[in-house]
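What the sequence shown shows, in numbering that gives the first Met the number 0, is residues 0 to 569, in sequence order.
Take a look at the structure below.
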Amino acid sequence: MRLPRSELAEAIYYCRDSFKSAAFFSLFINMLMLFPSIYMMQVYDRVLGSNSTSTLLMLTLLAVLLFAMLGALEWIRSQVLIRVSTRFDLLLNERLYQVLFRQALVSGGKSSTQPLSDLLALRQFLTGQGLFAFFDAPWLPIYIGLLFLFNPAFGAVAIVSVLLLTLLAIWNERATHDDLEQANQISVESSNSTARNLRNAEVVHALGMLPALMARWKVKQRKLIILQALASEKGGLISALSKTYRVTIQSLILGLGAWLAINKQISPGVMIGGSILLGRALAPIDLMIGSWKQFLTARTAYGRLNELLATFPADADRMPLPAPKGALRVEQAIVVPPGSKIPVLKGLNFAIEAGTSVALVGASASGKSTLARALLGIWPVASGAIRLDGADVMQGERSLVGPYIGYLPQDIELFDGTIAENIARFGEVDANHVVDAAIAAGVHDMILRLPQGYDTEIGGGGGALSAGQRQRVGLARAMYGNPVLVILDEPNSNLDDVGEMALAQALIKLKKSGCTVIAITHRVGILGIVDRIMVLNEGALVLDGARDEVLAKLNQRPAQAPQPVQGKPA
């Protein structure tokens, strides 16, 4: 039974017609490559023998015409492969971009952009000189056959030369493969580590951590340089041997041809033509050895991408579901954070009716943020289920469900772009909805005081905005578009008194609009607004009920750790 192709193999198969076109042009290119030998043979055997300048002129004009055709065909073949690489990239780049975010979700944000670099390496290999060798190599037997026709000794020299250069290519592979693979792995790890350190540049500077971090980086960099140097030394030696042998054998075959010509076994033209033809026959192998490092890089990139795409298969098309209303149900949910084996949430079971406002409280590390991520479908459940309006939160098409969801994470991340684009979630900016969301979040006046108002450009870290301003812009983003479910993780952690009042007004507005709100908080300021309080302790739901009822129980038993209870609908 034939195994299905991988996504990468399928993308290459999709470009098969272009590869066939490149091979078709290679046919005529290699046929024209025979003409230099023919030209030299005719010059030595016919022109010099007859002293005919007219024959020389016609041969030269024909040579110029054919060489111009050769150059045109080489250019066309290169253009075909450039378009192949472009199509290959277009077939995979969106899919790969989505996979990067899926990888970040399951790895706790530890994803990197290395797969995009791998795709670039593959695209560069498809347009590089190394690939031409694979199109020209099938002509090797034809060149050797012609050399045998010239003289069996020429053919024997060609076979020996091909065998020696092939052995050098194999030696090059075995000598450099391990060093280059380790170097690539260390390079990826070093780049990812440096990127993470740069994201924390303020902490590094404030605490004087740069020398220590630089020392760790230098250890990896030194090992990387040593491995790359070893691979380059070995590859350079083998490449030098290959080129030396190729130049030497082309000269020696001239000597062999001269000896054969002296003994009247071949003509002087065949002597020169044989030397040129041997050089052409050995060129693809020599090119393969010279571009072997690029080939290994592309092969390693291909393997990494294949593994990554197989780990995160494409989502199957699903039938769109009706717009959600905001009802949540958690059924014996156990959640294990990515990269961990210990469950943080241990069999939670509760329901929240649409339009209910809930405060989720508990000590640090009790599982509140984990529950928020699980409710949003960011982290999957290890067992049990979490449902939004009866549908599993992991099953919905995120691009369709996302507009109905609002989320304010504990660590506020804004993106490169204007404030308006950030609030509008980088979709089509509806000015009225953006302003409404900003007013609802109490951030409209603050935005108007900025130099360009809503058109103020901010960076990934929020630009010149303070932590409180970033949090309020993040709240406006969460409220954009009248969502039916809003989850706020410590929404008042960076707010002053004015910000607290604006947050309270925003929660009241969400409540009046019938939105389901879950606010994770350590502060009591917003508890008076919610309908229901849920208390987590060590991953278990220990108190759940109406606000006044739960507050009364907490006040009665301030020092006693409540026991787990089963949740109930509001």
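Here a beta-carbon is modelled for each residue, glycine too, at the ideal position from N, C-alpha and C.
Are there 16 or more other CB atoms within 10 angstroms of the CB of residue i, so buried, or fewer, so exposed?
{"i": "GLN555", "result": "exposed"}
{"i": "PHE318", "result": "Residue 318 is actually Met in this sequence, not Phe. Counting Cβ neighbours within 10 Å, MET318 comes out exposed, since fewer than 16 surround it."}
{"i": "TYR12", "result": "exposed"}
{"i": "ALA572", "result": "The shown model of the chain, from 0 to 569, leaves out residue 572, and the question about it has no answer."}
{"i": "SER250", "result": "exposed"}
{"i": "ARG15", "result": "exposed"}
{"i": "ASN431", "result": "exposed"}
{"i": "GLN394", "result": "exposed"}
{"i": "LYS292", "result": "buried"}
{"i": "ALA569", "result": "A caution first: ALA569 carries a pLDDT of 38, below 50, which makes its placement in the model unreliable, though a value can still be read off. So ALA569 counts as buried."}
{"i": "ASN171", "result": "buried"}
{"i": "GLN78", "result": "exposed"}
{"i": "PRO450", "result": "exposed"}
{"i": "LYS340", "result": "exposed"}
{"i": "VAL433", "result": "buried"}
{"i": "TRP74", "result": "exposed"}
{"i": "SER53", "result": "exposed"}
{"i": "LYS567", "result": "Unreliable placement is indicated for LYS567, whose pLDDT of 45 sits below 50; no coordinate value is reported for it."}
Taking C-alpha atoms, which residue in the options lies nearest to residue i?
{"i": "ALA313", "options": "ALA545, ALA62, ALA211 and GLU396", "result": "GLU396"}
{"i": "GLU232", "options": "GLN184, GLY207, ASP178 and ASN199", "result": "ASP178"}
{"i": "PHE34", "options": "PRO3, ALA475, LEU69 and LEU164", "result": "LEU69"}
{"i": "ALA463", "options": "VAL98, GLN293, VAL343 and PHE414", "result": "PHE414"}
{"i": "MET255", "options": "PRO114, GLY144 and ALA155", "result": "Contrary to the premise, residue 255 reads as Leu rather than Met in this sequence. The option with the nearest alpha carbon to LEU255 is ALA155."}
{"i": "ASN421", "options": "ASN493, PHE149, ILE333 and ALA475", "result": "ALA475"}
{"i": "LEU646", "options": "ARG471, THR243 and TYR38", "result": "Missing from the structure shown is residue 646; the chain here goes from 0 to 569 and no further."}
{"i": "TYR96", "options": "THR417, LEU253, LEU229 and LEU307", "result": "LEU307"}
{"i": "LEU65", "options": "ILE185, LEU80 and ILE28", "result": "ILE28"}
{"i": "ILE438", "options": "ASN183, GLY473 and ALA257", "result": "GLY473"}
{"i": "GLY235", "options": "SER5, ASP285 and LEU206", "result": "ASP285"}
{"i": "ILE333", "options": "PRO379, ALA362 and GLY361", "result": "PRO379"}
{"i": "PRO114", "options": "ILE75, GLY302 and GLY383", "result": "GLY302"}
{"i": "TYR578", "options": "GLU412, PRO267 and ASP429", "result": "The first residue shown for the chain is 0 and the last is 569, placing residue 578 beyond what the model contains."}
{"i": "ARG279", "options": "GLY458, ALA436, ALA136 and ARG215", "result": "ALA136"}
{"i": "ARG173", "options": "ALA103, VAL161 and ILE237", "result": "ILE237"}
{"i": "LEU212", "options": "ILE225, ALA228, ALA194 and LEU226", "result": "ALA194"}
With the cut-off set at 8 Å, would you say residue i and residue j are in Cβ contact?
{"i": "ILE271", "j": "MET30", "result": "no"}
{"i": "SER365", "j": "GLY544", "result": "no"}
{"i": "TYR403", "j": "PRO323", "result": "yes"}
{"i": "PRO572", "j": "ALA381", "result": "In the structure as shown, the chain begins at 0 and stops at 569. Residue 572 is therefore absent and cannot be evaluated."}
{"i": "ASN305", "j": "LEU7", "result": "yes"}
{"i": "GLU180", "j": "THR299", "result": "yes"}
{"i": "ALA309", "j": "TYR406", "result": "no"}
{"i": "LEU283", "j": "ALA132", "result": "The identity of residue 283 in the sequence shown is Pro, whereas the question assumes Leu. In this structure, ALA132 lies closer than 8 Å to PRO283 by Cβ."}
{"i": "GLY524", "j": "ASN493", "result": "no"}
{"i": "GLY441", "j": "ARG471", "result": "yes"}
{"i": "HIS176", "j": "LEU295", "result": "yes"}
{"i": "ILE143", "j": "ALA157", "result": "yes"}
{"i": "VAL400", "j": "THR520", "result": "no"}
{"i": "ILE288", "j": "SER363", "result": "no"}
{"i": "ALA230", "j": "ALA182", "result": "yes"}
{"i": "GLU489", "j": "GLN409", "result": "yes"}
{"i": "ILE486", "j": "ILE507", "result": "no"}
{"i": "ARG76", "j": "PHE18", "result": "no"}
If you follow the beta strand (DSSP E) that residue i is in, where does it begin and where does it stop?
{"i": "VAL485", "result": "484–488"}
{"i": "THR515", "result": "515–519"}
{"i": "ALA326", "result": "ALA326 -> no beta strand (DSSP E), and no H or E assigned at all."}
{"i": "TYR406", "result": "404–407"}
{"i": "LYS340", "result": "No beta strand (DSSP E) holds LYS340; DSSP gives it neither H nor E."}
{"i": "ALA384", "result": "382–387"}
{"i": "ARG531", "result": "531–536"}
{"i": "GLY441", "result": "That residue, GLY441, is in no beta strand (DSSP E); it is neither H nor E in DSSP."}
{"i": "ALA300", "result": "Here ALA300 belongs to no beta strand (DSSP E); instead the alpha helix (DSSP H) covers 291–310."}
{"i": "ASP543", "result": "539–545"}
{"i": "GLY361", "result": "356–361"}
Output the boundary residues of the alpha helix (DSSP H) element that contains residue i.
{"i": "ARG476", "result": "466–478"}
{"i": "GLY498", "result": "496–511"}
{"i": "LEU206", "result": "It is not in any alpha helix (DSSP H) - LEU206 carries neither H nor E in the DSSP assignment."}
{"i": "VAL400", "result": "397–400"}
{"i": "SER116", "result": "113–126"}
{"i": "ARG45", "result": "No alpha helix (DSSP H) holds ARG45; DSSP gives it neither H nor E."}
{"i": "LEU91", "result": "52–105"}
{"i": "GLU6", "result": "6–13"}
Residue i CB to nearest chain B CB: under 8 Å?
{"i": "ASN171", "result": "In the structure shown, chain B does not exist; there is a single protein chain."}
*With contact counted as at least three CB pairs below 8 Å, one residue from each stretch, are the segment 79–92 and the segment 112–129 in contact?*
Enough Cβ pairs lie closer than 8 Å, so yes.
_Meets three-Cβ-pair contact criterion under 8 Å: the segment 511–526 and the segment 346–356_ = yes
*How do the segment 415–435 and the segment 324–344 stand: do at least 3 beta-carbon pairs fall below 8 Å, yes or no?*
At 8 Å Cβ cutoff, the stretches do not touch.
*Is the segment 325–334 touching the segment 375–392 in the sense that three or more CB pairs, one from each, lie closer than 8 Å?*
yes
*Check whether the segment 143–152 touches the segment 217–229, counting contact only when three or more Cβ pairs, one atom from each stretch, lie closer than 8 Å.*
Flag = no, the segment 143–152 and the segment 217–229 do not touch.
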